[in-house]
Amino acid sequence: MSLFHRILSQGRARNAAKRLAKDPSARHYTELVQEYAAVNDLQQALKVATEGLKAYPGDGELRRFADRARQMLREDRTRELQKELASAPRPALWRELCEILLESGRVARAEELATDWFQNAKSGEAQYWRARARAERFFADRRRDDGRLAFDFVASAQDLLPGDPRPLRLALELATHCGAWIEARRALARLLELSPGDPALEARFRTVVTLAQNSKTLDQALRDVEKSGCLADEQRANVESEPVSTSESVSAGGAVRPMLQALVRENGVQAAFYVRGGTALVQGPKGATAERTARGVREIVQSCRTAARRLGLGQAQEVRLEGTFGTLLVAPGELGSGALWCSGDVTRRHEDGLRDLAGLAGKATEVVA
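1 is the number of the first residue of the sequence shown in the numbering used here; add one for each residue after it.
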């Protein structure tokens with residue numbers, strides 16, 4: 001960008017900031033973010049987008065800008081780290097790059113990098129990041145072999161990093177997610193040795209001791225996760241015997257409801273859904289129609305995840321069904337799933353909004369039935 005155009009862009013950014021100060025609307029937040037992005041000030045663009053999302057959590061445009069800014073900042077930093085590693089590799093650079101790759105969802109690349117690091121240095125830190133990456137693959141795909149290998153890596157990291165609580169916490173996370181309570185008890189006992197008297201650890205240890213009395217073996221727990229497609233701490237709902245509750249008490253950072261409301265106002269949208277476990281938040285249809293459609297969405301998500309897992313295809317990213325009813329577009333998220341029922345053609349705006357909802361569903365922290 002020439003100096004002249006940069007000066008013009010900076011002037012537009014100042015004007016956009018003044019408009020935002022007078023009228024802090026979502027539109028003016030978006031305009032200011034765009035002006036900062038135009039001069040490649042991604043840090044400031046992300047800061048403004050994040051501020052705007054606190055005021056307007058359901059605004060899809062702001063969320064897309066924030067996600068894009070984070071992605072571009074991570075890509076810039078990734079390139080810098082790769083250059084530094086090529087010239088002067090050191091543990092801090094390996095560690096930061098592994099962390100960025102995992103944050104970006106590039107799990108296979110993160111594990112490949114950590115493996116190269118381990119082969120070069122034979123360090124516990126490298127083995128810990130190998131375990132982290134493989135654990136993420138297990139959480140995503142629910143494959144028994146990934147879980148078993150993640151446990152092997154984390155056990156090796158514990159041996160190489162005595163006194164470091166991180167491998168133990170990862171072992172606890174793995175064991176809790178797959179329902180291997182004996183392994184969870186073992187990890188908690190060692191964590192209490194490192195932090196004696198910690199009230200949170202002690203309370204959790206008491207709970208896990210009770211669960212461990214009738215616990216499955218590790219192999220049984222991993223096999224059950226692979227067979228069901230559900231982690232042990234996920235809400236399991238029986239589709240045939242348990243109706244979907246279309247409860248309004250769904251919380252995902254306070255942003256799911258306004259996002260659904262915005263989606264259902266789009267032209268051609270008949271209904272918008274957020275489904276997690278046995279609970280759904282529905283905008284559009286009411287009563288039995290809402291419950292029946294929400295149950296159908298849940299069945300579709302479960303069937304696609306099971307098929308993808310058995311075929312070793314990874315995670316289902318999108319499901320599209322078309323017929324005389326219109327189009328049903330489903331975006332499975334890590335914890336919950338979003339869906340749109342459209343009477344006409346699905347537009348780019350519909351798809352972007354649904355991806356925003358699925359991404360937000362992945363960050364949901366609580367569902368109250």
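By construction, the Cβ of each residue, glycine as well, lies at the ideal position given by its N, Cα and C atoms. What you are looking at is a predicted structure, and each value in this text was computed from that prediction instead of being measured.
Per-residue burial, residue i [other beta carbons within 10 Å of its own, 16 or more giving buried]
| i | result |
| --- | --- |
| A369 | Here the model assigns A369 a pLDDT of 24, short of 50, so the residue's position is not dependable, and the following value carries that caveat. It counts as exposed. |
| P91 | exposed |
| P162 | exposed |
| L3 | Interpretation of L3 is limited by its pLDDT of 44, a score under 50 that renders its predicted location unreliable; the figure taken from the coordinates is listed afterwards. So L3 ends up on the exposed side. |
| P24 | exposed |
| Q127 | buried |
| P332 | buried |
| E240 | Note that E240 scores a pLDDT of 32, beneath 50, so its modelled location is shaky and nothing firm can be said. |
| A237 | Here A237 scores only 37 on pLDDT, less than 50, and its place in the model should not be relied on; the value that follows carries that caveat. Buried, since its Cβ has 16 or more Cβ neighbours within 10 Å. |
| D233 | exposed |
| L194 | exposed |
| A307 | exposed |
| V225 | buried |
| G11 | exposed |
Reference residue i; option with closest CA among the options
| i | options | result |
| --- | --- | --- |
| L357 | D345, V256, C304 | V256 |
| R148 | N40, A21, L222 | L222 |
| S303 | S228, R63, A212, R64 | S228 |
| T324 | D345, R305, A308, L260 | D345 |
| E136 | T115, E173, G124, L160 | E173 |
| V297 | Y274, V264, S195, R132 | Y274 |
| G105 | E193, D116, D67 | D67 |
| S110 | T78, G124, R292, D141 | Looking at the sequence provided, one finds Ala at residue 110 rather than Ser. Cα-wise, what sits closest to A110 is T78. |
| A55 | Q71, H28, R132 | H28 |
| G326 | A175, K83, C342 | C342 |
Rounded Cβ spacing between residue i and residue j (contact assumed at less than 8 Å)
| i | j | result |
| --- | --- | --- |
| Q154 | P167 | Gln is not the amino acid found at residue 154; the sequence shown has Val there. About 5 Å; that satisfies the 8 Å criterion. |
| H350 | V269 | 7 Å |
| A157 | F138 | Incorrect: roughly 15 Å between the Cβ atoms, too far for contact. |
| L81 | E99 | L81 to E99, Cβ: 10 Å. No contact. |
Check: residue i C-beta below 7 Å from any heavy atom of the ligand MG
| i | result |
| --- | --- |
| A16 | Summarising the ligand content, the structure contains no ligands, and the ligand MG is consequently not present. |
Contact check, residue i vs residue j, beta carbons under 8 Å
| i | j | result |
| --- | --- | --- |
| L340 | A272 | yes |
| G52 | D59 | yes |
| E35 | R19 | no |
| G179 | E266 | no |
| L113 | L101 | yes |
| A49 | A26 | no |
| A45 | F65 | yes |
| C338 | R276 | The question names Cys, yet the displayed sequence has Gly at residue 338. Contact flag unset, no. |
| R74 | E103 | yes |
| L170 | R204 | no |
| R134 | F118 | no |
Does the segment 207 to 214 come into contact with the segment 271 to 285, if we say contact requires no fewer than three beta-carbon pairs (one atom in each stretch) closer than 8 Å? no
Three-pair Cβ contact test at 8 Å for the segment 137 to 148 versus the segment 182 to 198: no
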